[in-house]
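Protein chains in written order, with the UniProt record's numbering: chain A, 1 to 473; chain B, 1 to 473; chain C, 1 to 473.
We treat Cβ as the ideally placed atom computed from N, Cα and C, and that holds for glycine.
Given the structure is predicted, the values throughout are model-derived calculations rather than measurements.
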Amino acid sequence: MNDAKPLALHPDRLFPSDPTQRMIARRLYLQVAGLPIVSPHGHTDPAWFAQDEAFANATELLLVPDHYVFRMLYSQGVPLDALGIPRADGSRAAVDPRAAWRTFADRFHLFRGTPSSMWLNHVFHDVFGLRVRLDAGTADEYYDTITAALQTPQFRPRALFERFGIEVIATTESPLDPLDHHAVIRASGWKGKVITAYRPDPVVDPEHEQFPDALRRFGEITGEDVHSWEGYLRAHRQRRAFFASMGATSSDHGHPTCATADLSPAEARVLFAKVVSGRSTPDEAELFRAQVLTEMAAMSLDDGLVMQIHPGCYRNHNRGLFERYGRDKGADIPLRTEYVHALKPLLDRFGNEPRFTLILFTLDESTYSRELGPLAGHYPCLFLGPAWWFHDAPEGMWRFREQTLATAGFYNTIGFNDDTRAFLSIPARHDVARRIDCAVLAKLVAEHRIDEDEATDVAIDLAYHLPKRAYRL
Amino acid sequence: MNDAKPLALHPDRLFPSDPTQRMIARRLYLQVAGLPIVSPHGHTDPAWFAQDEAFANATELLLVPDHYVFRMLYSQGVPLDALGIPRADGSRAAVDPRAAWRTFADRFHLFRGTPSSMWLNHVFHDVFGLRVRLDAGTADEYYDTITAALQTPQFRPRALFERFGIEVIATTESPLDPLDHHAVIRASGWKGKVITAYRPDPVVDPEHEQFPDALRRFGEITGEDVHSWEGYLRAHRQRRAFFASMGATSSDHGHPTCATADLSPAEARVLFAKVVSGRSTPDEAELFRAQVLTEMAAMSLDDGLVMQIHPGCYRNHNRGLFERYGRDKGADIPLRTEYVHALKPLLDRFGNEPRFTLILFTLDESTYSRELGPLAGHYPCLFLGPAWWFHDAPEGMWRFREQTLATAGFYNTIGFNDDTRAFLSIPARHDVARRIDCAVLAKLVAEHRIDEDEATDVAIDLAYHLPKRAYRL
Amino acid sequence: MNDAKPLALHPDRLFPSDPTQRMIARRLYLQVAGLPIVSPHGHTDPAWFAQDEAFANATELLLVPDHYVFRMLYSQGVPLDALGIPRADGSRAAVDPRAAWRTFADRFHLFRGTPSSMWLNHVFHDVFGLRVRLDAGTADEYYDTITAALQTPQFRPRALFERFGIEVIATTESPLDPLDHHAVIRASGWKGKVITAYRPDPVVDPEHEQFPDALRRFGEITGEDVHSWEGYLRAHRQRRAFFASMGATSSDHGHPTCATADLSPAEARVLFAKVVSGRSTPDEAELFRAQVLTEMAAMSLDDGLVMQIHPGCYRNHNRGLFERYGRDKGADIPLRTEYVHALKPLLDRFGNEPRFTLILFTLDESTYSRELGPLAGHYPCLFLGPAWWFHDAPEGMWRFREQTLATAGFYNTIGFNDDTRAFLSIPARHDVARRIDCAVLAKLVAEHRIDEDEATDVAIDLAYHLPKRAYRL
């Protein structure tokens, strides 16, 4: 195409344009750009690393699994079927992946200024060596280049893992998962470190449509009577131990709110019986999830798993889309979230325990300065996870730092989580986080609030030491 | 006056002072500065354009109708009577308009840094050619210059409309309005495009003190039995069709919350009977307004009117002022506003309808990144209106962009609304919006997140194409 | 130590690094840097100025009383006993103050980027003349230098007061305080102006564990029957008059919410009887506090005391810590706070009273643009206190200005409160506030929104005239 625009990754991207700040940011970034990637929380598929098979094509790799991307296209009138997104019943529209790619390329301007365009351009440029911008005119060139590359050995999952400089990556599995892929990876002799994390939501949320089935399978897998409260807790302890044996150093909990509870065993038993009966009210379901969080904290004291809470999302908000396409189709919407009252029962029991670590996330940025910073700046067990999901753009990362720094400092935060299933974008995402942290620090140095040697220490800590320490890696 | 300070409009105003960003912002602005004004939502008086009579004087034109201005003066102890603000009973204090103007001029420093000072200085400088700053010493010079100019043909409403480069402007009328002024404009042969918008609040809000009267007149005007649910809906359809025939392309709904409902016809009938009886509770009034929003969406699918919701204001908060001076006296205060649960009933019905457009506004900025961006970045029908009312200052416009860009991008927003009855300030307001959008884009370019040709496209889209597309103009 | 890093206070600290803005900020700051300190709200101990005794040592002066500092150390695993923080029973761990200081110095990096490090470095540099950075290697040098200096006459409280250029400082006392220290100061002939402020929370909050005792003592001190509603109100009037006679120009109210009420005398009497009986419910306690706020406003109209409300904190959130160490141990956490409905009862009565001043504070920054700016930009009695407590960092001060400027302007705000018991940090805190206001104004000038002469006026008003006017000093 004569009209193709050049694609470049500017070495100063994301740094402030003020020359003083930019020079400082450059120097700080030089110290962290090459550090290994520590990815303690994410959603890559362990099968990739177990089987090490080639990815199919550009569309299957970059478009179909990325709800950041197809969400935006859907918002501008592109039907999910036009992209070949799988439906709830497992079927898919008969769409040529190249045609789906063209639909995406035609509309790549919709992503201007969004983090998706930044990550994707990074992948296009650095992983696939593309040097023209994606648009209608270059769609086929892109599709062919990417799809061809994927067939080569250098683009197999393990080769990319090594090329990306990943020191350790955590996946996320349900207690029902046998962790076979992790076992295969460990047995393979491959040196890549892929660990799991314990995410028990399917057996914790009574409002999930598959909860009864999940509970039954939880009993089968563990051999415990999981329909009794004590057996249910024993089953969790058993699976947590198994997950830890497969490398897990953390549990993760995705709840609608951050509510915790501290019921007596007798109360918990009665509540659990109600939940198991399938007749719990929404309030009882909420109380049950709240109680389980406190039980998980108790278990963390024993087995040392770091605990993470990701609250505050209305899942599958679009009813029609959910009925047709199922979960995780870009229709999750954040909710106002409260932490101060919600966490009190758990903190009353474990807030001062030196062995306990609880990492908090939020989708409600109004809590950064009001609740989360002050909580993490006081309780020894509490740390703040990075700007999450809808807030992982450069602007969101700046807000996170500017709104938590005064009260939590840098050292009650834990560095970056990429939190992604978009494997190829992992270097891009860590690079963005490192650049923004360097930019934030450069501003502090330029305004004479910290010295540059201090900023260098902090930049390295945020990129490498803090995530390792927080997740006990 | 020897002491008079010069008044200038700097060509780089509102652009970042960083030289890199400023140069880019200048180039972007050059591409949009001269584009026609598209004003799809506002509150100018159609009588001005129908009758084309001269405005009376500086005070009547610039001070008395502008609640942004007299609100600030009132907050600093100036009685409304000292400004000649009309009272609820229609009377006015016997105040010399020149004296009121002096009171204002004496206190113009109170507006330092506010958008009002920016808009007013733009009007003073560009519309009236003033070159000294407004203060106590120049009050009379201002009053005389402005009042004299207003008597000349070039300052008649139609002449100003043309001078301002307005391509189309929408006013806002109640269903009870016969739209006579619009009819006069259309019949006059004047080429200015002035359209109406359908704002049915007076016949939708059972808590408005004049609701029973309004409902009765609604019946008289339409000939429908508006005290039956079906007749009431038919009356809306009829008036919407009439409004559309007078150019309307949108409806607008100013509600205390964004609640929507999806009652069965039987439930709606029972609720409506209660509302008509005058004995509805606050909860029932709220449910009724919620149900009407969903009915309006249903009608939009048929007649193509774009729907707007402006929720979240406590109207007439100052009881004493309301009793003495009535509505709209600068005592409206924003409220915390929820969208995710509130919109679900409406979105469950119409959220995936390709023919439907719903533009959302907010006075609660905490919803930008948490709720509105993610909603608009998913639902095909949803678009975000610009930073509104209390948030239309440069800082508010920056926050809007920085907090919605990651999730909604630029293309799920609709460009600018001036939303004003201050006719003379319309060019100033659009100029501010264009400058801020150019500044936002310049920062993205300077930090190498988008290329300048992309930024140019976006700037032009925001200033011109997006409002035309969103409002179907 | 060879490794000691230099400690410097850069003359341009906190100014934007953009050269245009920095030059303007410098010029503005030159106009305000030397203005006297007006400190209308704070928590210094009047005994210091009455007795004028030497402070004990570095740890007792700078570490033990500063919950900003030991909170952060506690959050990173330092037990309060290791710092010698007093326990609830009055005992203290037998910790060498030098050892506590070393514990702090070892971890001074935790404060990077926080306001505490900025204030402390200012104190170290300007008050004690230290020129190396605090860290493990310089801990002893710091401890010795500071402790030795404190034994000299120039470091006695009155000498520091004069050195700091304090024109007036307000302390905060309970109605039960006999104000003996203030009497001693007044009788001493010393020219330093130290006034009190009326903070009746202990006799207003039925949920405080010492409320019954406090109420009894309130009766003893005033000779009123404070267990009757009328006697209780008379007791307040009497103590307010006494406080005013000792210089008080304001009352202050720290409540969990901003709720106000306007009960009839008969209702209030019934409620008070319930409260006095010790059997009030949480809702009744809340209603009582709400009613007292309105009564305080009524008294302000008579005695002219300016009223302040500081709402929205969950006090003593950490149960274990509270039981062991008591109140005010850095475990107070902000809460979501509502103002629009909450203030209506009070404003309905007094909102338009020209003689009444009510200064509002918040720990919920989401209310700045949504509620507080619009309220203060309308009601003549309302003014906004500065960014408070968790939000008094440079970033918090910027947010305060950027989110209230559009609606409240500069002139519905009241300049700075240091709000501190850390006496030595008072110049540092005012300096930070002045620098940030100059930086905010410099940006407005650099972006051609106000002229530099206007910015100079505003800077001086914010630093000096507005606090004096607002607090009637």
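Quick one: measure Cβ to Cβ for residue i and residue j, integer angstroms, because I've assumed they're closer than 8 angstroms.
{"i": "Pro394 of chain A", "j": "Ile436 of chain A", "result": "5 angstroms"}
{"i": "His41 of chain C", "j": "Gln238 of chain C", "result": "Their Cβ separation, rounded to whole angstroms, is 23 angstroms, which puts His41 of chain C and Gln238 of chain C out of contact at 8 angstroms."}
{"i": "Gly247 of chain B", "j": "Phe111 of chain A", "result": "The pair is not a contact, with the Cβ atoms about 35 angstroms apart (cut-off 8 angstroms)."}
{"i": "Ala4 of chain A", "j": "Thr138 of chain A", "result": "5 angstroms"}
{"i": "Pro419 of chain B", "j": "His43 of chain B", "result": "Strictly speaking, residue 419 of chain B in this sequence is Asp, with Pro absent from that position. Contact flag correct, Cβ pair sits at about 7 angstroms."}
{"i": "Phe400 of chain C", "j": "Ser369 of chain A", "result": "Actually they are not in contact, since the Cβ atoms of Phe400 of chain C and Ser369 of chain A sit about 11 angstroms apart, beyond 8 angstroms."}
{"i": "Ala428 of chain A", "j": "Leu28 of chain A", "result": "No, Ala428 of chain A and Leu28 of chain A are not in contact; Cβ-Cβ is about 19 angstroms, not under 8 angstroms."}
{"i": "Asp262 of chain C", "j": "Pro345 of chain C", "result": "4 angstroms"}
Report the neighbours of residue i on chain E: residues whose CB is nearer than 7 angstroms to its CB, in chain order.
{"i": "Tyr142 of chain A", "result": "Reference to chain E is not applicable here, since the protein chains of this structure are A, B and C."}
What does the Cβ neighbour count give for residue i, buried or exposed, with the cut at 16 atoms within 10 Å?
{"i": "Met1 of chain C", "result": "Because the pLDDT at Met1 of chain C is just 45, under 50, the model does not fix this residue reliably, and the value given afterwards should be weighed accordingly. The residue is exposed, with fewer than 16 neighbouring Cβ atoms inside 10 Å."}
{"i": "His378 of chain C", "result": "buried"}
{"i": "His181 of chain B", "result": "buried"}
{"i": "Glu371 of chain B", "result": "buried"}
{"i": "Asp332 of chain A", "result": "buried"}
{"i": "Gly84 of chain A", "result": "buried"}
{"i": "Asp283 of chain B", "result": "exposed"}
{"i": "Arg158 of chain B", "result": "buried"}
{"i": "Leu30 of chain C", "result": "exposed"}
{"i": "Glu220 of chain A", "result": "exposed"}
{"i": "Ser250 of chain C", "result": "buried"}
Helix, strand or coil: how does DSSP classify residue i here?
{"i": "His208 of chain B", "result": "coil"}
{"i": "Val306 of chain B", "result": "strand"}
{"i": "Val168 of chain A", "result": "strand"}
{"i": "Val432 of chain C", "result": "helix"}
{"i": "Cys313 of chain B", "result": "strand"}
{"i": "Leu384 of chain B", "result": "strand"}
{"i": "Pro334 of chain B", "result": "strand"}
{"i": "Tyr325 of chain A", "result": "helix"}
{"i": "Leu473 of chain B", "result": "coil"}
{"i": "Glu173 of chain B", "result": "strand"}
{"i": "Val440 of chain A", "result": "helix"}
{"i": "Leu7 of chain B", "result": "coil"}
{"i": "Met1 of chain B", "result": "With a pLDDT of only 44 at Met1 of chain B, under 50, the local geometry of the prediction cannot be trusted, and the value read off the model is given with reservation. In the structure shown, Met1 of chain B sits in coil (DSSP, three-state: anything other than H, G, I, E or B)."}
{"i": "Val184 of chain B", "result": "helix"}
{"i": "Ile195 of chain B", "result": "strand"}
{"i": "Leu347 of chain A", "result": "helix"}
{"i": "Thr152 of chain C", "result": "coil"}
{"i": "Ser117 of chain B", "result": "helix"}
{"i": "Ser75 of chain C", "result": "helix"}
Taking 7 angstroms as the limit between beta carbons, can you name the residues of its chain near residue i, skipping five residues before and five after?
{"i": "Leu134 of chain B", "result": "Ala105, Phe108, Phe124 and Tyr142"}
By Cβ distance, which residues of its chain are closer than 8 angstroms to residue i, with the 5 residues on each side in sequence left out?
{"i": "Leu62 of chain C", "result": "Val69, Leu120, Val123, Ile146, Ala422 and Leu424"}
{"i": "Pro36 of chain B", "result": "Gly165, Ile166, Glu167 and Tyr464"}
{"i": "Asp451 of chain A", "result": "Val445"}
{"i": "Val340 of chain A", "result": "Glu371 and Leu375"}
Apart from the five residues just before and just after residue i, which ones in its own chain have a Cβ nearer than 6 angstroms to its Cβ?
{"i": "Arg310 of chain B", "result": "At residue 310 of chain B the sequence reads His, which differs from the Arg that was named. Cβ neighbours of His310 of chain B beyond the five flanking positions: Gly254 and Phe361."}
{"i": "Ala433 of chain B", "result": "Phe416"}
{"i": "Gly304 of chain C", "result": "none"}
Every unbroken beta strand (DSSP E) within the region 239-307 of chain B, with a cutoff of 3 residues, ordered by chain
Those beta strand (DSSP E) runs which fall completely within the region 239-307 of chain B and span 3+ residues are 250-255.
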